[in-house]
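To keep things clear, I will list the structure first and then write my remarks on it.
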DNA sequence: CCCCGGGGTGAGCGGGCGCTTAGGAAGTCG
DNA sequence: CGACTTCCTAAGCGCCCGCTCACCCCGGGG
């Protein structure tokens, strides 16, 4: 059940091999049961190692969560920034941003679940670092919406509120998306891109 | 910081007094740290009692979560059903449903957080019961959207998908809403009611 | 007056937790 | 070959968890 294909692609640059196996095992376990309900013995077991092996590669269980969180947030931020800086009208860029962001949350919903819902378990200092990344995420989307309003393409009375809502909608995909369900990540991305345009009051031609 | 005013209103019919204090203490603790990170000693302490007192009123810590979950889900379902069955056009009813549902998630965001994000910690049988309630929740909103489409008031290509998205948007309010933030529950409800109408393609007159 | 039962406590049980430590197998280089 | 490094394990420490049990306090009925 664990195997999820391209899942491992995100962690390709984690070395050595044992450290990568541990981080992917941790993602699966945290996503399934939550950080606090996951034991270090469980993570090590999934990675095919003894409990003590975890501490050769990571100082604490929390460090594993932190690494996962950082990588995931940076990836998500990259996706949104790439869309923000792409060519095309604000509508094109918002549509692209939501489509890719949602597709990532659906495809990698195990990673995304950990990234979006286990923040509270981070140590104070690590949490602060993550919060900064999340502010950048918000800023990237807001920039697109503001562009659309300035260009007269969007009719958005409350830009910060609507930005928050669009992001919230996308993030929540990680909570409900089920790989065995009837919707593919591409389909959800397409649907959500359309919904986001509706939310910002984009008038179709 | 714990005091949240009308918070306790939801638990008014829990007796005796000690059982009510325990359930409200559990809501606060679960919302703050999550079910698994909360100890029975913490719950009892917040309620001003010894750890053993908890077990006079509840068989296990999980039973507390289950009670909270049931009460919260029934309340949420009532809110949506009342809106579904109210007088007015589908647009009025969807707007009312989202406004009230969101307001509840914002006002009682501690309860809502537990209700929406700690499901996974429930025992198998309790989980199944809750899932049934959640299906009813979805059905209530979908009924309104279908009415709007049938009446030609909404332009909604994907009714189940859009229903899911509207509910997902509302539920996620419990995750990000902060009582110290700058938006009141009423304001968020108003904004979200408008966004939901946009999502279903309601043409303003 | 005593007794009784429901709400409460202090002490503590068995167990699983995060993490550590002493040491061993396998490769590599002089 | 022996010394060193890298990666790993078996065993287990100290702690705190969910939960239990023997006992206590106190208001009300005979």
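Protein chains in written order, with full-length UniProt numbering: chain B, 1 to 205; chain L, 1 to 205. For glycine and all other residues, C-beta sits at the position ideal for the given N, C-alpha and C. In this text the structure is predicted, and so the values were computed from the model without any measurement.
Determine, using beta carbons only, whether residue i and residue j come nearer to each other than 7 Å.
{"i": "residue 114 of chain B", "j": "residue 31 of chain B", "result": "yes"}
{"i": "residue 25 of chain B", "j": "residue 195 of chain L", "result": "no"}
{"i": "residue 40 of chain B", "j": "residue 54 of chain B", "result": "yes"}
{"i": "residue 201 of chain B", "j": "residue 147 of chain B", "result": "no"}
{"i": "residue 84 of chain B", "j": "residue 144 of chain B", "result": "yes"}
{"i": "residue 35 of chain B", "j": "residue 112 of chain B", "result": "no"}
Our contact map puts residue i next to residue j with C-beta atoms below 8 Å; I'd like the distance itself, whole angstroms only.
{"i": "residue 50 of chain B", "j": "residue 197 of chain B", "result": "Going by Cβ atoms, the distance from residue 50 of chain B to residue 197 of chain B rounds to 52 Å, so no, they are not a contact pair."}
{"i": "residue 102 of chain B", "j": "residue 159 of chain B", "result": "Residue 102 of chain B to residue 159 of chain B, Cβ: 20 Å. No contact."}
{"i": "residue 153 of chain B", "j": "residue 91 of chain B", "result": "6 Å"}
{"i": "residue 169 of chain L", "j": "residue 133 of chain B", "result": "The pair is not a contact, with the Cβ atoms about 23 Å apart (cut-off 8 Å)."}
Does the beta carbon of residue i fall short of 6 Å from some heavy atom of the ligand FAD?
{"i": "residue 142 of chain B", "result": "Ligands in the displayed structure: none, and consequently the ligand FAD is not present."}
Which value, in whole angstroms, describes the spacing of the CA atoms of residue i and residue j?
{"i": "residue 203 of chain L", "j": "residue 174 of chain L", "result": "29 Å"}
{"i": "residue 15 of chain B", "j": "residue 70 of chain B", "result": "16 Å"}
{"i": "residue 74 of chain L", "j": "residue 116 of chain B", "result": "27 Å"}
{"i": "residue 19 of chain L", "j": "residue 57 of chain L", "result": "6 Å"}
{"i": "residue 163 of chain L", "j": "residue 125 of chain L", "result": "27 Å"}
{"i": "residue 140 of chain B", "j": "residue 59 of chain L", "result": "49 Å"}
{"i": "residue 10 of chain L", "j": "residue 151 of chain B", "result": "47 Å"}
{"i": "residue 89 of chain L", "j": "residue 82 of chain L", "result": "14 Å"}
{"i": "residue 45 of chain L", "j": "residue 157 of chain B", "result": "46 Å"}
{"i": "residue 131 of chain B", "j": "residue 181 of chain L", "result": "16 Å"}
{"i": "residue 129 of chain L", "j": "residue 66 of chain L", "result": "10 Å"}
{"i": "residue 161 of chain B", "j": "residue 199 of chain L", "result": "15 Å"}
{"i": "residue 17 of chain B", "j": "residue 52 of chain B", "result": "16 Å"}
{"i": "residue 33 of chain B", "j": "residue 135 of chain L", "result": "22 Å"}
{"i": "residue 1 of chain B", "j": "residue 183 of chain B", "result": "Summary for residue 1 of chain B: the model assigns pLDDT 41, below 50, so the residue's position carries little reliability, and this model does not support an answer."}
Got a sec? Which residues, its chain only, sit under 6 Å from residue i by beta carbon, not counting five neighbours each side?
{"i": "residue 193 of chain L", "result": "95, 98 and 99"}
{"i": "residue 185 of chain B", "result": "103, 106 and 107"}
{"i": "residue 47 of chain B", "result": "21, 22 and 25"}
{"i": "residue 6 of chain B", "result": "For residue 6 of chain B, the predicted model reports a pLDDT of 48, less than 50, meaning its position is unreliable; a value from the coordinates is still stated below. Excluding sequence neighbours, residue 6 of chain B sits near nothing in its chain."}
{"i": "residue 177 of chain B", "result": "106 and 109"}
{"i": "residue 123 of chain B", "result": "62"}
{"i": "residue 149 of chain L", "result": "156"}
{"i": "residue 142 of chain B", "result": "163"}
Short of 8 Å in beta carbon distance, which residues of its chain neighbour residue i, apart from the five on each side in sequence? Order them along the chain.
{"i": "residue 43 of chain B", "result": "22, 25, 26, 29, 54, 61 and 64"}
{"i": "residue 137 of chain L", "result": "73, 76, 77, 80 and 167"}
{"i": "residue 68 of chain L", "result": "23, 26, 27, 30, 111, 114 and 115"}
{"i": "residue 86 of chain B", "result": "92, 93 and 96"}
Go through its chain and collect everything with a Cβ distance to residue i's Cβ below 7 Å, but skip five positions before and after it.
{"i": "residue 127 of chain L", "result": "119"}
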